[in-house]
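Just so you know, the protein sequences line up as chains Y and Z, in that order. For my numbering, count along the first sequence from 1 and bump the result up by 1044. For my numbering, count along the second sequence from 1 and bump the result up by 1044. By construction, the Cβ of each residue, glycine as well, lies at the ideal position given by its N, Cα and C atoms. Everything numeric in this text was worked out from a predicted model, so none of it was measured. To start, the structure under review is shown below, and the notes come after it.
There are 2 protein chains.
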Amino acid sequence: MNQHVPFQSFDEVSDKAQCAPRLAALRAELKRRGLDGFVVPHSDAQQDEYLAPRDERLAWLTAFTGSAGAAVVLADKAAVFVDGRYTLQVRNQTDLSLFEPRDLVAEGPQGWLPHHLPRGAKLGFDPWLHTANGMAHLKAACDKAGATLVAVTGNPVDAVWQDQPPPPLKPAVPHALELAGEEAGAKRARLAASLKQQGAQAAVLTMADSVCWLHNMRGGDLPHTPFALGFAILYDDASSDLFLADAKRSPELAAHLGNAVRLRDPDAFEAALDALTAKTVLADPATAAAAVFDRLARGGAKILRGPDPCQLPKACKNPREVEGMRKAHIRDGAALSNFLAWFAGAAPGGSLTEIEAAEKLEGFRAATGCLKDLSFDSITGAGGNGAIVHYRVTRSTNRMIGRNEMFLLDSGAQYPDGTTDVTRTIMVGEATAEMKDRFTRVLKGHIALATARFPEGTIGMQLDSFARRPLWEAGLDYDHGTGHGVGSYLSVHEGPQNISKRPVMQPLLPGMICSNEPGFYKTGEYGIRIENLVVVTEPKDMGGERGMMGFETLTLAPIDRNLVDPDLLTPEEREWLNLYHARVRDSLSHLVDEETRAWLERATAAI
Amino acid sequence: MNQHVPFQSFDEVSDKAQCAPRLAALRAELKRRGLDGFVVPHSDAQQDEYLAPRDERLAWLTAFTGSAGAAVVLADKAAVFVDGRYTLQVRNQTDLSLFEPRDLVAEGPQGWLPHHLPRGAKLGFDPWLHTANGMAHLKAACDKAGATLVAVTGNPVDAVWQDQPPPPLKPAVPHALELAGEEAGAKRARLAASLKQQGAQAAVLTMADSVCWLHNMRGGDLPHTPFALGFAILYDDASSDLFLADAKRSPELAAHLGNAVRLRDPDAFEAALDALTAKTVLADPATAAAAVFDRLARGGAKILRGPDPCQLPKACKNPREVEGMRKAHIRDGAALSNFLAWFAGAAPGGSLTEIEAAEKLEGFRAATGCLKDLSFDSITGAGGNGAIVHYRVTRSTNRMIGRNEMFLLDSGAQYPDGTTDVTRTIMVGEATAEMKDRFTRVLKGHIALATARFPEGTIGMQLDSFARRPLWEAGLDYDHGTGHGVGSYLSVHEGPQNISKRPVMQPLLPGMICSNEPGFYKTGEYGIRIENLVVVTEPKDMGGERGMMGFETLTLAPIDRNLVDPDLLTPEEREWLNLYHARVRDSLSHLVDEETRAWLERATAAI
C-alpha cells in the first residue's frame, strides 16, 4: 500500500560547506548595490509557515533548516537568529566561523542591529518578506544605530542563488461547496458588507489561507499545506481581483470562480495597489508585506490598518466544514489505529526505527485513498528524542525504538474534507511509576480542557491553566502552548485564537477548531504529549442561566492505557476516558482490519 | 463595648432638590470663565478610591453617591456616567430632568462628547483630577468634536460650592519599623538604585499609598484608608521632598522621617516640578494628574513615562508585613466569630435588621482595642439585597433579615498591623437545594483558587477560571473579579496584581496579598460570596522540577456548613474545608468568649 510518492523525506538538506561561498557572493552583490548589510528572514511574500524551495533563502545562506529564524549579513560580520528550540541545531548546521548564533526572541535583529550596524550604514531589506509591523521594528533599530533602512528592488539572495528553484506552479483547484459549506460569492458578500461598515472600499488580502478560503480554492504550491499562492483585492461590491499565475488556472477553476472574480496576472498586483488612489483600503500590518503598504501609500490610497478580514470568519467553521472535519477524523483515526495495532506487534522486537514508524504510518494514511499530504512532517521521537519538542527524524538522528521506552508520535494528514493533527505517546514494554504519574497528569490536564465549559468572551489564556494544573501541582510544566487553531483543509496552524500562556485576546467562538495538547518532557529520557483536536460548540443541555460554550473532541484514537495510573484519576476523569474509548471503538471498528479490530477492543477497554 | 464613634454611617447623604440650584451656579461660573462645558469626575488629586468630603464634587453636583462615575455639564445639557452597578441608584438619586444617566464603561464622557459638544466649544477640565491618560481620552473626544480642551486654574465647582469642607488635616504619624519591616531609608535607597538603572534622576509620586508606604507614614485624611495625603519627589540620591501640610506634621514625625526627607509645603509642589529642568523624571501617566505632566514639561524636565515605582515593591509584602497581616487576621477572625455566634442566636428571631448587624459587627471589632477604622462600609445584604453586589445599607433600604433567607456579610477592618477584608454568607433557617448547590459551587471555586500552584510569570487572569469553573459547569457565573490586591494597613484595594477576567499583565509574586472571592447572585432572591485574603507564597515541599508559587489563606472564620452540600465536594475539597475549619478553631478558640467557643466548635466541626 506504499505506492504513493512519500510526502515526508528524511534526507539531510543542510551543507555548511556552502556557507562561505554563498555568503561571499551575497556580500559582493550587496557591495555592488551600495548596501552595507541585508536581512534574510525565514518567510515569503505571504508570511507562510512552510516555504516553497525557492523561498528557503535562510537555509540556502546559513545551512540552518529550522522553521523560524533570520540572518543579518553585514560587511564584516553576520549573525543567525533562532529561538530556544533551535539553539543546538543551529550550532550543528551553520558555519560558526561565519554566522554567530543569537537569540531570536530575547534579542532578534532589532536588538542586535543597534550594537553592530555602523552609523551612516545602509541596511537593505526585501519589503515583500517583512510585514509592515516587522519593518517598523527594523526601522527603529536602524534609527537607533544612526543607519538607514533601504527597501531593495529584487532580492539580492535571488541574484546570486544560481540554481534557485522556480516559483511553484501547481494547479489551483475548486474547493467544492459540499466541503466549503458556503458559496464563495456569499463569503465575499458578507465581507464586503463588513468593509462598508468600516468605511472601506477595498481590502488587500495577502495571506494564502485567506485568499484560498475566500475563493473556495485550494492548490499545491507549498509542502503540507494545500495553498494556491496568490494575492487578492476584495472590493465592497463583493467582487475581487485574484492575482494567480496563468499556469495555475484551468477552465474549471474560472467557471468555479465566476464573473465577479477577475483573474489577473501576479505581475499586475503592484500596479493594482497603485491604482487604489483615494480609496479607503483595509490592510493588515501584522500579516501583509511592507511593500503592500508602500504601494498603497504611493498610489494615494487611504490605508485603514486592521486585521485581515478573512481570519475570523475562516476560523469559525460552518456546519459543513465541521462535518467534514468529523469525517476526516474518523478516517484518520482508523489509519492511525491500524498503525498503532501494527506498532503494538512490531515495536516490542526492539528493532523498529523512528523512520520506519513514520513511513509505515504514512502508508496507512495513503491507503485511505484520500490523503492529499501530511499536514506536517511526522514527529516520531523514541526515548530522549521524544523530549525534543520540535524533533524531526532524519537519517542521521534516526534510532531504534528501544524496549521500555516511550515513543511520541505527533502527526497529521490533509484530506479534502479536513486537516488532522494528533499526538499519541505509546509505551513499549513496562512503564515506570514516574512515567505513569507524568502521563496521567498530562491526561488529567487534557481531560480538564476537553470538558471545560466557558462563557462568551473567554480567551484561550483563561482555559490554558486547566490543562497545566495537574502538572503544576507536582512542580512540573511544559514550555509550549496548549492549543493552536487548525484550518479546514488549510494550514494546520492558524489564528486568530490560541490556547496558551500568551494573552491572545481573541475570544473563542463556536466552530473554532483548536488542538488540545498538553505535554511533559524529561530531557534525555522521554517526551509525553496527548493531542486531540476539538471544536468549540454551544451545548444546549446544560441548564443554568447563561449560555456556555464547550468543546467537542474530533480526534479518535486510543490513548495508551498502559501509561495511565487509574488511582490518579477522579471518577469523572475515568468516566471521560472510558466514554472516549467507547466512542473510538464504535467509530472505528468497522473501518479497520480484523487484527486491528481485536487490538482496538483491548486498547479501548474500560479501566 | 460600643463606646467608640462609629466609622460607618447609614444616613442618606443625597438630596436631588439641590441639583437645580447647584447646576445653575456651576453653569454661571463656566460662562463667566468663557467655558462651554466642564467635566466633573469622581476623583481627587491622588486618584483615591475614597474621597475626602471636599472632593465629593460629583455627589455635590448630581446627588449621585456611587463610588465611581463622572458628569459632563454643557450649556444646555448635562449627563452623569455610571457603571452597571449603579444604573438603578443613579436614577433614584439624581434629578433626571437635569442629568441624563449614561453608561460609564461602554460610552463614557469620551464617547458622549463627540456627539454633544458643539464645534468650536471650549470644554474645561481640572488637570489635577484627571490622569494624563484620562486627559488624553478627553482630548481625543474634543478633537473629534472640533472642540478645545481647556485646563482650568481653580476648580469651578469649588468656586460655587459655598460650604465646601476644608481639606483634611489629620496628623500624619510614623508607621513603626516593627510593622513596616523595612526602614524608609532602605526603601528609598532601593528605589533610587532602580531609578538610576532607568536613567532617571527623580520620580514624582502622587498616589497616597505610594507616598505613605515609601515614608513609613500613615494618617487619617480619608475614610476607611489610613492615608496622610501628600505628594513626594524621590531623587536618585535616595532623598525625597515630601509635600505635607504643616498642620499634619509633628516633631515625632520629623524625627522619624530623618534628614534625607525634606518636609515641604504642599503649595511648593508645583514650583518643585517646574524646577526639575533638564532632569529625567519618572512619572506614571496611568495614576498621576495631567497637571504634573504639564508642569514637568513646562519646566523643561525630560519625562520618562512608566509605572509608579512604589507600586510593585509595596505590593510584595515583606515577612514582617505578612506576619502583621496574620496577626490582624487572627484578631479580626475572633471578632467576626463573636459576631457570627451572636448572630446565630439573634437572627432566627427574624427581627434583626441589616443596620443592627453592621453596628454589632463594628462593635465586636472595636472591642479588640486595635480598630483604627473599617476598611470599607460593611455590606450587610439580606435576601435580595445580597444580590446587589455593591449594596450598602442606608436607613431607607434597611430591612429585616428574614427567616429562610441568606445573609451576605462583606466587611473588613484597618488595624495597625494589617488590613482585613472578609465575606461570609450565612443561612438563617433552612436552605433550599438550589441555595446549597450554588453555595457549594462557589465554595469549590474558592478552594480551587486557594489550593492553586502556579509557576513564575503567572498572572491572575490565568487563575481566575479555577474559581469560576464549578459555576461555569452549571451555566452560571458572576460579574465581578475574583481577587484584588490588599494593602498592609493601607488601601483595601491596591494594584498592580489582579485576579479577574481582565488581562492585567502583572505576574503574581511572593508576598502579594489578594482576595479570593468568587460569588453567585440571584437577582431579587439572594447573594453568595465567600471571601478570604491569601498571600502568595513559595511552598518548599512540593518536589518536582520547577519552583511553584501558591497561596496561604490568611482569613480565619467559619464557612457556613449549613449551606454546603457535601456530596458535591471531592474528597480533597472536603479535606480542605475540614482542615481549614480545624485551623480556624485552633487559632481563635482561646480568643473568644465561652459562648462563641461553643458555637465555634459546632461551626467548625468536620463534615
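Distance CB(residue i)-CB(residue j) smaller than 8 angstroms
i: Y:Ile1651; j: Y:Arg1627; result: no
i: Z:Glu1474; j: Z:Ile1445; result: no
i: Z:Gly1229; j: Z:Ala1304; result: yes
i: Z:Leu1405; j: Z:Phe1383; result: yes
i: Z:Ser1532; j: Z:Glu1367; result: no
i: Y:Thr1138; j: Y:Cys1063; result: yes
i: Z:Cys1354; j: Z:Ser1283; result: no
i: Y:Ala1388; j: Y:Thr1424; result: no
i: Y:Phe1051; j: Y:Asp1465; result: no
i: Y:Met1505; j: Y:Asn1606; result: no
i: Y:Ala1182; j: Y:Pro1153; result: First, the residue type needs correcting, since residue 1182 of chain Y is Leu and not Ala in the sequence shown. Yes, they are a contact pair.
i: Z:Pro1171; j: Z:Ala1096; result: no
i: Y:Asp1609; j: Y:Thr1484; result: yes
i: Z:Val1248; j: Z:Leu1317; result: yes
i: Y:Val1578; j: Y:Ala1457; result: no
i: Y:Pro1270; j: Y:Leu1288; result: no
i: Y:Met1369; j: Y:Leu1221; result: no
i: Y:Gly1081; j: Y:Leu1140; result: no
i: Y:Ile1655; j: Y:Ala1322; result: Because chain Y here runs from 1045 to 1651, residue 1655 of chain Y falls outside it and cannot be looked at.
i: Y:Arg1146; j: Y:Ala1123; result: yes
i: Y:Arg1497; j: Y:Pro1562; result: no
Close-in-space but distant-in-sequence residues of the same chain around residue i (CB under 6 angstroms, 5 per side omitted)
i: Y:Asn1046; result: With a pLDDT of only 46 at Y:Asn1046, under the threshold of 50, the placement of this residue in the model should not be trusted, and no figure is reported.
i: Z:Pro1583; result: Gly1594
i: Z:His1528; result: His1537 and Ser1559
i: Y:Leu1635; result: Ala1378
Terminal residues of the beta strand (DSSP E) in which residue i lies
i: Z:Asp1285; result: Ser1284 to Phe1287
i: Y:Val1011; result: What the structure shows of chain Y is the stretch from 1045 to 1651, and residue 1011 of chain Y is not part of that stretch, so it cannot be assessed.
i: Y:Cys1558; result: Ile1557 to Asn1560
i: Z:His1528; result: Gly1527 to Gly1529
i: Z:Lys1346; result: Lys1346 to Arg1349
i: Z:Met1593; result: Met1592 to Thr1597
i: Z:Gly1571; result: Tyr1570 to Arg1573
i: Y:Phe1125; result: Ala1122 to Val1126
Extent of the continuous alpha helix (DSSP H) run through residue i
i: Y:Thr990; result: Only positions 1045 to 1651 of chain Y appear in this structure, which leaves residue 990 of chain Y out of reach.
i: Z:Lys1231; result: Ala1228 to Gln1241
i: Z:Asn1606; result: Looking at the DSSP string, Z:Asn1606 is not in any alpha helix (DSSP H), and its letter there is neither H nor E.
i: Z:Val1204; result: Pro1200 to Val1204
i: Z:Ile1399; result: Glu1398 to Ala1410
i: Z:Tyr1624; result: Pro1615 to Leu1632
8 angstroms Cβ shell around residue i - same chain, five flanking residues per side excluded
i: Z:Arg1163; result: Ala1189, Gly1190 and Ala1191
i: Z:Ser1395; result: Met1444
Beta-carbon contacts of residue i that lie in its chain and below 7 angstroms, excluding the five residues immediately before and after
i: Z:Asn1362; result: Gly1225, Glu1226 and Gly1555
i: Z:Ser1633; result: Arg1641 and Leu1644
Below-8 angstroms beta-carbon distance, residue i vs any chain A residue
i: Z:Val1149; result: Although the question refers to chain A, the structure presented lacks it and instead comprises the protein chains Y and Z.
Output needed in chain order: residues of the region 1324–1344 of chain Y with a Cβ under 8 angstroms from some Cβ in chain Z.
none
Exercise for the section: Mind checking the region 1543–1569 of chain Y against chain Z and listing, in chain order, the residues whose C-beta falls within less than 9 angstroms of any C-beta there? Expected result: Lys1545, Pro1547, Met1549 and Lys1566
Contact set between the region 1493–1520 of chain Y and chain Z, restricted to residues whose Cβ is under 9 angstroms from the partner | Thr1495, Ala1496, Arg1497, Phe1498, Pro1499, Gly1501, Thr1502, Ile1503, Met1505, Gln1506, Leu1507, Asp1508, Ser1509, Phe1510, Arg1512, Arg1513, Leu1515, Trp1516, Glu1517, Ala1518, Gly1519 and Leu1520
Output, in sequence order along the chain, the residues in the region 1579–1597 of chain Z whose CB is closer than 7 angstroms to any CB in chain Y. Met1586, Gly1587, Gly1588, Glu1589, Arg1590 and Met1592
- At which residue ranges does the region 1061–1086 of chain Z contain complete beta strand (DSSP E) runs of 3 or more residues, listed in the order of the chain? 1081–1085
Looking at chain Y, which residues of the region 1519–1534 of chain Z have a Cβ within less than 9 angstroms of any of its Cβ atoms?
Gly1519, Leu1520 and Asp1521
Practice problem: Report the residues of the region 1608–1620 of chain Z with a CB closer than 8 angstroms to any CB of chain Y, ordered along the chain. | Solution: Thr1614
Worksheet item: Fully enclosed by the region 1427–1498 of chain Y, which beta strand (DSSP E) runs are 3 residues long or longer?
Response: 1449–1455, 1457–1459 and 1466–1472
Self-check item: In chain order, each beta strand (DSSP E) run of at least 3 residues that lies wholly inside the region 1133–1198 of chain Z
Solution: 1144–1147, 1166–1169 and 1192–1195
Report the residue ranges of all beta strand (DSSP E) runs contained in full by the region 1508–1550 of chain Z; include only those spanning at least 3 residues, in chain order.
1527–1529 and 1538–1543
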